[in-house]
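If you use the working numbering, the sequence shown corresponds to residues 1460 to 1571, in order.
Structure record follows, encoded as structure tokens.
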Amino acid sequence: MKQVIVVTQNGGLRGLEHKGRCIDLKKFGKAVVERITLIEWDSEAAGWYIRWCRPDMGGTWGLKELSNVQSLQAATLKTPVDRLGPVYFHNYEDAVEAEVQAIQQLQKTGSM
């Protein structure tokens, strides 16, 4: 997986930190680290789902947030019939992979 690094208008760098699988942006200066998503277990659905940490960004991730994830169909456990509810994953690693792909796509398009 490639790391997306965004250079902001004021010369700052933004990128996703992914547990040793990326360039450590702290080497370039003072870092501000903010968790933007969480992957959590839903015992009733028996699956992992992704949600935004910040209320202003929304709630759980559905098909809209995951529309550009390449491995989504193979990884999903249950997709919402109404296309609005959360997407559940068989295992945690599939949810992490989808989360990283979706966030990096949002960074590429300037949506984040």
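Cβ coordinates follow ideal geometry from the N, Cα and C atoms, glycine included.
Can you list, in chain order, the residues of its chain whose CB lies under 6 Å from that of residue i, leaving out five sequence neighbours each side?
i	result
I1495	C1512
List the whole-angstrom C-beta distance separating residue i from residue j, where the pair is believed to meet the contact cut-off of C-beta under 8 Å.
i	j	result
L1497	A1490	Contact flag wrong, Cβ pair sits at about 20 Å.
Helix or strand or just coil, what does DSSP make of residue i?
i	result
K1537	strand
D1515	helix
I1482	coil
L1472	strand
V1492	coil
E1499	strand
With a threshold of 16 other CB atoms inside 10 Å of the CB of residue i, please say whether the residue is buried or exposed.
i	result
E1524	buried
Y1547	buried
Sorted by chain position, which residues of the same chain lie with C-beta nearer than 7 Å to residue i's C-beta, five sequence neighbours on each side aside?
i	result
R1510	T1496, L1497, E1499, G1518, T1519 and W1520
Smallest Cα separation from residue i: which of the options?
i	options	result
A1565	N1469, G1470, G1471 and L1475	According to the sequence displayed, residue 1565 carries Leu and not Ala. Measuring from the Cα of L1565, the nearest candidate turns out to be L1475.
A1557	Q1529, T1568 and G1569	Q1529
D1501	H1549, Q1560 and I1562	H1549
Q1462	G1569, E1552 and Q1560	Q1560
E1493	R1473, V1465 and G1506	R1473
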